[in-house]
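*Asks:* For the sequence shown, the tail end lands on 569 under our numbering, and the numbers increase by one without skipping. Sharing a structure here in structure tokens format.
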Amino acid sequence: MTKEKRNRAWYGKNDRDGFIHRSWMKNQGFPDHAFDGRPIIGICNTWSELTPCNSGLRDLAEGVKRGVWEAGGFPVEFPVMSLGETQMKPTAMLFRNLLAMDVEESIRAYGIDGVVLLGGCDKTTPGQLMGAASVDLPTIVVSSGPMLNGKWKGKDIGSGTDVWKFSEDVRAGEMTLQDFMAAESGMSRSKGVCMTMGTASTMASVVEAMGMSLPTNAALPAVDARRMALAHLTGKRIVEMVEEDIKLSQVVTRASIENAILANAAVGGSTNAVIHLLAIAGRVGIDLTLDDFELGSDIPLLVNCMPSGKYLMEDFCYAGGMPVVLSHLRDKLRPAQTVMGGDILAYAEGAECYNEDVIRPLDNPLRPAAGLKVLRGNIAPNGAIVKPSAATDALLEHEGDAYVFENIEDMKANIDREDLPVTADTVLVLKGCGPKGYPGMPEVGNMPIPARLVKEGVRDMVRVSDARMSGTAYGTVILHVSPESNAGGNLGLVQTGDRIRLSVGQGRLDVLVSDEVLAQRRAAWVPEPPRYDRGYAKLYTETVLQADKGADLDFLVGKDTRPVTRESH
């Protein structure tokens, strides 16, 4: 017997409530038979003109609708908050959990049987997955896709990665401001997300590796007609998923998240994947920890994309995309169900690499080991992370004196001082940029190199903070220090002149100060007052978890799949 659809509690009743639910929907021109018990599919759309990365999602929604109608379903599109990474202040990460709340409550409150998540920009994909996981309906993802390759002066340039490079070149006097401004228009040539392996493309890649999208979703350019075809096929598939009762929790499992960790290493993915996967796991009920990310530590870097390599996502697509990566990793992947119903290895069937410099074979990787490394020590007793593939090898084992910036304003006011007492061996430390402190944990961990050193040719230094950094960024940057300084973490006790020792090989990050001295400093430490005393930011600051727990709000962890029984009239 076919299981009765969830939507029947809204549209299947022959009483006053059923009359209300159906009648008001009919003012949009839907006929009687749209409410005959067929699957109703919600299309959760983060389209917004203030989120340029997602500006193509309005069109993709139409493709999804075509597929839903073809399969005998009834598509209904609904909006949720859209997080424009490049546009929002103080940081889009502050609002990831608010988007997750919006998605969760929208899915729960409306009479839908399954949901297609349309996202792309950095925080939209994880925010949507977090919200959907807490309701646990059949769910599938369509990403907005990367922009076309940036072009300037006859060469390819990459979102973010070249912004950081050009900015430093201007500060060093090696690039004119006129050239810098000219590159601005050539960098973003089409709709879509950053075409480097930044956080958006990373999350699309790990979503595909988790089996939460159809194959090829990660790399097809936003303006490629094949992405519209993929949206159509996704609409068709979500109707089948409802009939087969394949829920999100059957796809997002420990095995699939471990596959995501392995894939993130192989593609040279963003450090932000750590905090997002931790939060998604928390919603599903998987006990994921920072230590689990060491699973990818010996995975070779296979994808030669910025910031860890030289190519861009368009090249990755034409070389074969994620199916090729999954094919190369087939002996390491865990058996895991996908939205297609079969095992993840089905995504690798027939995969062929068309450019082995873009997607390297296992026996000729870009780096022999590319996974993120977890660090612990008296600065970060609960952990911190570093991305070796984007760092300077010589700095991964380093000891130097600290120069401390107490907050972001201190850093911006002083980083370009000609008399700043720093050398290339100095360890730059930035406080006050964690989940509670900023608030929202912004992408400022890749601090600029001090102007005086930039002019001397220095392009990398060890930098330590409780912040994040853009997936497009690079450098020997220690991130996500936990507990953060504003939560009483030892990072807040580090002082200029302290000796800091970093050993990525040993997984250590320590300030060479005795426990007695740290205890004296702690006794004198005074926390900064909260920056917000009302609204969502106040709620966030009071309830946000630390980075090693995914920075979700403490009361949102887990899920609630109980049916809604009370009516509105």
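Think of the CB as a built atom: it goes at the ideal place given N, C-alpha and C, for glycine as much as any other residue.
Considering Cα atoms alone, identify which of His569, Thr161 and Glu484 is closest to Met306.
*Replies:* It is Thr161 whose Cα lies nearest to the Cα of Met306.
*Asks:* Contact between the segment 163 to 178 and the segment 417 to 436 is defined here as three or more beta-carbon pairs at a separation below 8 Å; is this criterion met?
*Replies:* Touching, no.
*Asks:* At which residues does the alpha helix (DSSP H) containing Lys26 begin and terminate?
*Replies:* First-last of the alpha helix (DSSP H) with Lys26: Arg16 to Lys26.
*Asks:* Can you tell me the Cα-Cα spacing of Ala524 and Gly492, whole angstroms?
*Replies:* Whole-angstrom Cα-Cα distance: 11 Å.
*Asks:* Quick check: the Cα distance between Pro138 and Leu262, rounded to an integer number of angstroms?
*Replies:* Cα to Cα, Pro138 sits roughly 25 Å from Leu262.
*Asks:* Closer than 6 Å by C-beta to Glu443: which residues in its own chain qualify, once you throw out the five before and the five after it? Chain order, please.
*Replies:* Once the five neighbours on either side are set aside, the close Cβ partners of Glu443 are Arg468, Met469 and Ser470.
*Asks:* Can you tell which of Pro527, Val526 and Thr541 has its C-alpha closest to the C-alpha of Asp533?
*Replies:* Asp533 has its Cα closest to that of Thr541, out of Pro527, Val526 and Thr541.
*Asks:* Rounded to whole angstroms, what is the Cα-Cα separation between Gly120 and Leu395?
*Replies:* Going from the Cα of Gly120 to the Cα of Leu395 covers about 33 Å.
*Asks:* Please state the DSSP three-state secondary structure of Ser482.
*Replies:* In this structure, Ser482 counts as strand in the three-state DSSP scheme.
*Asks:* Residues in the same chain with beta-carbon distance under 6 Å from Glu399, minus the five sequence neighbours each way, listed in chain order, please.
*Replies:* Answer for Glu399: Arg501, listed in chain order.
*Asks:* Does Arg463 pass the burial test, meaning 16 or more other C-beta atoms within 10 Å, or should it be called exposed?
*Replies:* Burial call: buried.
*Asks:* So which of Val386, Leu366 and Ala319 has the shortest CA-CA distance to Tyr354?
*Replies:* The option with the nearest alpha carbon to Tyr354 is Ala319.
*Asks:* With 16 other CB atoms within 10 Å as the buried threshold, where does Ser514 fall?
*Replies:* Exposed, by the Cβ-count rule.
*Asks:* For Gly440, I'd like the list of residues in its chain whose CB is within less than 7 Å of its CB, leaving aside the five on either flank, ordered along the chain.
*Replies:* Pro90, Thr91, Met93 and Leu94, listed in sequence order.
*Asks:* Answer with buried or exposed for Met340, where buried requires no fewer than 16 other C-beta atoms within 10 angstroms of its C-beta.
*Replies:* It is buried - the Cβ of Met340 has at least 16 other Cβ atoms within 10 Å.
*Asks:* Whose C-alpha, out of Arg6, Arg8, Val458 and Asp17, is nearest the C-alpha of Glu567?
*Replies:* Glu567 has its Cα closest to that of Asp17, out of Arg6, Arg8, Val458 and Asp17.
*Asks:* How many whole angstroms separate the CB atoms of His276 and Leu302, which I take to be in contact at a CB cut-off of 8 Å?
*Replies:* The Cβ separation is near 21 Å, so there is no contact.
*Asks:* Under the three-state reduction of DSSP, which class applies to Pro388: helix, strand or coil?
*Replies:* If DSSP states are grouped into helix, strand and coil, Pro388 belongs with the helices.
*Asks:* Along the chain, where does the beta strand (DSSP E) containing Tyr403 start, and where does it finish?
*Replies:* Unbroken beta strand (DSSP E) run through Tyr403: Glu397 to Phe405.
*Asks:* What are the residues that DSSP puts in a beta bridge with Phe166?
*Replies:* Beta-bridge pairing links Phe166 to no other residue.
*Asks:* Do Gly131 and Val68 come within 9 Å of each other at the CB atom, strictly closer than that value?
*Replies:* Cβ atoms of Val68 and Gly131: not closer than 9 Å.
*Asks:* Straight-line CA distance for Leu553 to Glu105?
*Replies:* Each residue's Cα considered, the two are about 15 Å apart.
*Asks:* In whole angstroms, what separates the C-alpha of Glu4 from that of Pro323?
*Replies:* Distance between the alpha carbons of Glu4 and Pro323: 36 Å.
*Asks:* Residues bridged to Ile41 by DSSP?
*Replies:* Looking at the DSSP assignment, Ile41 forms a beta bridge with Pro75 and Gly114.
*Asks:* Which word fits Leu635, buried or exposed, when buried means at least 16 other C-beta atoms lie within 10 angstroms of its C-beta?
*Replies:* No answer is possible for residue 635: it lies beyond the span of the chain, which begins at 1 and ends at 569.
*Asks:* Restricting to Cα atoms, I'd like to know which of Pro300, Asn97, Ile140 and Ala255 is closest to Ala266.
*Replies:* Comparing Cα-Cα distances from Ala266 to each of Pro300, Asn97, Ile140 and Ala255, the minimum goes to Pro300.
*Asks:* What is the DSSP secondary structure of Gly489, counted as helix, strand or coil?
*Replies:* In this structure, Gly489 counts as coil in the three-state DSSP scheme.
*Asks:* Check for me: the alpha helix (DSSP H) holding Ile280 runs from which residue to which?
*Replies:* From DSSP, the alpha helix (DSSP H) with Ile280 extends over Asn272 to Val284.
*Asks:* For Arg38, is the classification buried or exposed, using 16 other Cβ atoms within 10 angstroms of its Cβ as the cut-off for buried?
*Replies:* Buried is the call here.
*Asks:* So, are the CB atoms of Val103 and Ser143 less than 9 Å apart?
*Replies:* No, these two residues do not count as a Cβ contact at 9 Å.
*Asks:* Taking the C-alpha atoms as reference points, what is the distance between Gly145 and Arg254?
*Replies:* C-alpha separation (whole angstroms): 26 Å.
*Asks:* Around the Cβ of Met1, are there at least 16 other Cβ atoms within 10 angstroms (buried) or fewer (exposed)?
*Replies:* Residue placement at Met1 is flagged as unreliable, the pLDDT there being 41, under the threshold of 50; the coordinate-derived value follows with that caveat. Exposed, by the Cβ-count rule.
*Asks:* Mind reading off the beta-carbon distance from Val223 to Ser201? Whole number of angstroms is fine, and I expect it under 8 Å.
*Replies:* Not a contact, Cβ separation roughly 15 Å.
*Asks:* Using CA coordinates, which residue listed in Gln506, Gly505, Gly550 and Ser485 is at the minimum distance from Pro529?
*Replies:* Checked all of Gln506, Gly505, Gly550 and Ser485; the closest Cα to Pro529 is Ser485.
*Asks:* Pick out whichever of Glu85, Asp343 and Ala133 has its Cα sitting closest to the Cα of Arg108.
*Replies:* Of the listed residues, the one whose Cα sits closest to Arg108 is Ala133.
*Asks:* Quick one: measure Cβ to Cβ for Asn573 and Met210, integer angstroms, because I've assumed they're closer than 8 Å.
*Replies:* Look at the range of the chain in this structure, 1 to 569, and you will see that residue 573 is not part of it.
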